[in-house]
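J.: Got a structure for you, questions after.
Residue numbers (this note's numbering): 165 to 350.
Printed below as a string of structure tokens:
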């Protein structure tokens, strides 16, 4: 209920894909009818991350959004499709979208050159659009520190911190870190 008046703007929003639209210049002098919102036909975006399950990733976030309207959707729920891959699927109105996928450990996966072709996508009503996202190549960082020391490697250019505990007798340590980044090690 709103106070009687003119020039109201009515907005519609959905938890499934954000803003549906708006109707301007609504006259609220009395009861109002026939101010209907009809979202565009829905399609689905399905994103697969190769080797995500093999690396044991648990905190992964995906989001697709229109660069011209405030419409978008996303997911942080991923399902294992094999012993190595994880997949998510969510609905979006038909249209063109920018896609972001990231994890606290790897940061924005879409910034990797191997994923440049997956940065944008088009959604068609009643169809599934599939994207495949790759993780960075992993390398082993190893050495010797004081016994039981916590050894860490932290990216200098964004999110990504990895740590391990050195062996209790030899001080040897080993951890997997993504290649292609600069690290501070301590």
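No residue lacks a Cβ here, since even glycine has one placed at the ideal position from N, Cα and C.
For residue 278, collect the residues of the same chain with a Cβ closer than 6 Å to its Cβ; drop the 5 residues on either side in sequence, then sort them by chain order.
T.: Answer for residue 278: 298, listed in chain order.
J.: What does residue 342 pair with, by DSSP beta-bridge criteria?
T.: In the DSSP output, where bridge partners are listed per residue, residue 342 has 302.
J.: With DSSP run on the structure shown, which of helix, strand or coil describes residue 279?
T.: Helix.
J.: Quick test of your reading: residue 225 and residue 240, contact by CB under 8 Å. State the CB separation rounded to the nearest angstrom.
T.: Rounded, the Cβ-Cβ distance is 5 Å, consistent with contact.
J.: Report all residues from its chain with a CB closer than 7 Å to the CB of residue 168; omit the five preceding and five following residues, and keep chain order.
T.: Closer than 7 Å at Cβ, skipping near neighbours: 192, 193.
J.: Is it buried or exposed, residue 228, if we count other Cβ atoms within 10 angstroms and call 16 or more buried?
T.: Per the 10 Å Cβ criterion, buried.
J.: From the DSSP output, in three-state form, read off residue 274 for me.
T.: Looking at residue 274 - three-state DSSP - the assignment turns out to be helix.
J.: Comparing alpha-carbon positions, which option in 344, 331, 296 lies nearest residue 213?
T.: Checking every option, the nearest Cα to that of residue 213 belongs to 296.
J.: Are the beta-carbon atoms belonging to residue 268 and residue 342 less than 7 Å from one another?
T.: Taking 7 Å as the Cβ cut-off, residue 268 and residue 342 do not qualify as a contacting pair.
J.: Quick check on DSSP: helix, strand or coil for residue 316?
T.: Strand, per DSSP.
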